[in-house]
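If you're matching positions, the sequence shown starts at 1 in my numbering and goes up one per residue. For glycine and all other residues, C-beta sits at the position ideal for the given N, C-alpha and C. Below you'll find the structure, written out as C-alpha cells, and then a few comments.
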Amino acid sequence: MPFKPDYKNILDACCNIKPKRMPIYEHAVSPLIMEKVLDADFAEMINGDSADIDEFFKNYCSFFKKMTYDTVSFEICITEILPNGGALMGGKGPIQTREDFEQYPWESLFDLYWDFADKKFCSLSRNIPEGMKAVGGIGNGVFEISQDLVGMEYLAYMQVDNPQLFNDLFVKIGDMMHKIWIRFLERHSDSYAVCRFGDDLGFRSGTLVSPQVINNNIIPQYEMIIDLIKSYEKPFLLHSCGNIFEVMDDLISLKINAKHSNEDSIAPFEKWIDLYGDKIGLFGGIDIDLLCTKSAAAIKQTVKEKGKEFRSKANGYALGSGNSIPSYVPLEGYLAMIEGANEIR
1 MPFKPDYKNI LDACCNIKPK RMPIYEHAVS PLIMEKVLDA DFAEMINGDS
51 ADIDEFFKNY CSFFKKMTYD TVSFEICITE ILPNGGALMG GKGPIQTRED
101 FEQYPWESLF DLYWDFADKK FCSLSRNIPE GMKAVGGIGN GVFEISQDLV
151 GMEYLAYMQV DNPQLFNDLF VKIGDMMHKI WIRFLERHSD SYAVCRFGDD
201 LGFRSGTLVS PQVINNNIIP QYEMIIDLIK SYEKPFLLHS CGNIFEVMDD
251 LISLKINAKH SNEDSIAPFE KWIDLYGDKI GLFGGIDIDL LCTKSAAAIK
301 QTVKEKGKEF RSKANGYALG SGNSIPSYVP LEGYLAMIEG ANEIR
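Shown next, in the form of C-alpha cells:
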C-alpha cells in the first residue's frame, strides 16, 4: 500500500499525544544524502533563480515523502545573513565593544533576512505534497546568534568586563528575532505544522554557559518568541544539544511542546522519557554513532527494539536520529534506520 503522509501524526507527537502512526522525524538531512536517495543533482539549485529554487524544493519535498516522513523539515538560519558573522564556528565576531554594538547594522537585518528567505519559503509551500506540512521556520536561537556575533570565548570576556553590554546584546538579538518571526508567521504559518528553532545550550558534561545566564539572558528571549508562536496556535519544538538537564524544567516552564536532540554518551534516551515524558513530546532516540559505525542489519534491529520501547514508554514520540543526518552518515546506515522504523510503525 503506498505511503500516505499525514502531518497530524507529528502534530500529535509534538503535543505529547500518542499518534495513530509513529512518525519519523529529522532535524535536518544533508541534501547530498538526498541526492543519493533520489539519484538527482539538485543541492545547489537553492542558490539559483526562481526556476532553480522550485526545482530544488520539488526534489527536497519528494525526498521526505519517499522516506515516509509525515512532514518536511526546513528552516532558514538568521546566521546566514549576519554581516561579518561566522564566529559561531570559532574566533572573534564583529561585536566586542559598546561602539561595535551601536554601529552594527541591526536595522538592516530584517530586510536582509527576508530578501534572502522569502522566495524559498514560498517555493517550499508550493511544493509540499498532499497530506504534509513543514516543521521549522526561522533557524537559530538567541545564544547561537550571540556566538556568531561575538564568539564563545569573547562572550565570556564581555560578561565580566561589560555586563551591561552583555545584557543588552541578548535583548537586541531577541527583539530582532521576534520581528523576523512575526513576518514568518504572517506569511508562512499555514505551511507549518510545528514551529521550531535550534539553540545548542550544552555540551557533554553540562551547559555551555551558567544556568543563571540561561535564565536571565536567554530564556526571556525564548519566552517572547514562543508566546508569539503560540498566539498563532502552533506548537513549539525546541532543538537543543548537550547536557541541559539543569535547565530543562525552566525550559518546560516556557510551555515548549517537545524537545529534540540526544546523545547516548550524555544520557540514554530512556532517561529523557523517564524525566520528561509526562510533560513534553520527545523526538529522536537513535544515536548518530550507531548509524555511522554499525552494520545495516545491526542498525535495523536496534531501531526496531528501541523504537518499540520508546514508543511504548513515551506519549508523544517521533523516531529519528539524536541530532541530524549530515553528509558523512553512511547512506546504508540511514536507510537501515528508516527501514527498521517502518517495520514497527
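Worksheet item: According to DSSP, is I17 helix, strand or coil?
Response: coil
Practice prompt. Measure the C-alpha to C-alpha separation of E153 and K4 and round it to an integer number of angstroms.
Written response: 48 Å
Worksheet entry | Buried versus exposed, by CB contacts within 10 Å (16 or more), Y328 | exposed
Worksheet item: Cα separation between G151 and A87?
Response: 5 Å
Fill in: Member of L124, G131, F203 and S210 whose CA lies at the smallest distance from the CA of G137
Considering only alpha carbons, the answer is L124.
Worksheet entry | Cβ neighbours of W272 in the same chain (closer than 8 Å, five flanking residues each side left out) | K259, N262 and L282
Worksheet entry | Through-space distance from Y69 to K8, alpha-carbon basis | 11 Å
Worksheet item: How many Å lie between Y113 and E102 at the Cα?
Response: 20 Å
Worksheet item: Can you tell me whether DSSP reads C122 as helix, strand or coil?
Response: helix
Discussion item. Using a Cβ distance threshold of 8 Å, determine whether the region 164-176 contacts the region 117-134, with at least three qualifying pairs required.
Written reply: In this structure the region 164-176 does not touch the region 117-134; the number of beta carbon pairs closer than 8 Å is below three.
Practice prompt. Could you check what DSSP says for C61 in three-state terms: helix, strand or coil?
Written response: DSSP places C61 in helix when its eight states are reduced to three.
Fill in: Cβ distance (whole Å) where F57 is taken to contact I81 below 8 Å
The C-beta distance from F57 to I81 rounds to 20 Å, too long to fall under 8 Å, and the pair is not in contact.
Discussion item. Check this for me: beta carbons of L38 and N16, under 7 Å apart or not?
Written reply: no
Worksheet item: Which residues mark the beginning and the end of the beta strand (DSSP E) in which V351 is found?
Response: No answer is possible for residue 351: the residues shown for the chain start at 1 and end at 345.
Worksheet item: Which class does L254 belong to by DSSP, given the choice of helix, strand or coil?
Response: L254 falls in the coil class under three-state DSSP.
Worksheet item: Between I53 and the rest of its own chain, which residues show a CB-CB distance below 7 Å, the 5 nearest in sequence each way excluded?
Response: If we look at I53 and ignore the five residues flanking it on each side, its Cβ neighbours are M45, I46, K119, K120 and S123.
Discussion item. Against chain D, does S123 count as a neighbour if the rule is that its beta carbon must be under 7 Å from one of theirs?
Written reply: Here there is only one protein chain, and chain D is not present.
Worksheet entry | Which of helix, strand or coil DSSP assigns to S321 | strand
Discussion item. So, does the region 127-134 touch the region 204-220, judging by three or more C-beta pairs under 8 Å?
Written reply: no
Item to complete: Please name the residue, chosen from K66, R126, V160 and G90, that lies closest to S50 on a Cα-to-Cα basis.
Response: Minimum Cα distance to S50 is reached at R126.
Practice prompt. Label M337 either buried or exposed according to how many other C-beta atoms from any shown protein chain fall within 10 Å of its C-beta, with 16 as the threshold for buried.
Written response: buried
Worksheet item: Do you know whose CA, among L228, R187, N215 and C195, lies nearest H239's CA?
Response: C195
Worksheet item: Alpha carbon to alpha carbon, what distance is there between I256 and N243?
Response: 18 Å
Worksheet item: By how many angstroms is the C-alpha of E343 removed from the C-alpha of A347?
Response: Residue 347 lies beyond the residue range present for the chain, which begins at 1 and ends at 345; the question has no answer from this structure.
Discussion item. Here's a check: name, in chain order, each residue in its chain whose Cβ is nearer than 6 Å to the Cβ of A296, leaving out the five neighbours to either side.
Written reply: Excluding sequence neighbours, A296 sits near E332 and A336.
Discussion item. List, from N- to C-terminal side, the beta strand (DSSP E) runs of 3 residues or more that fit wholly inside the region 148-227.
Written reply: 192-198
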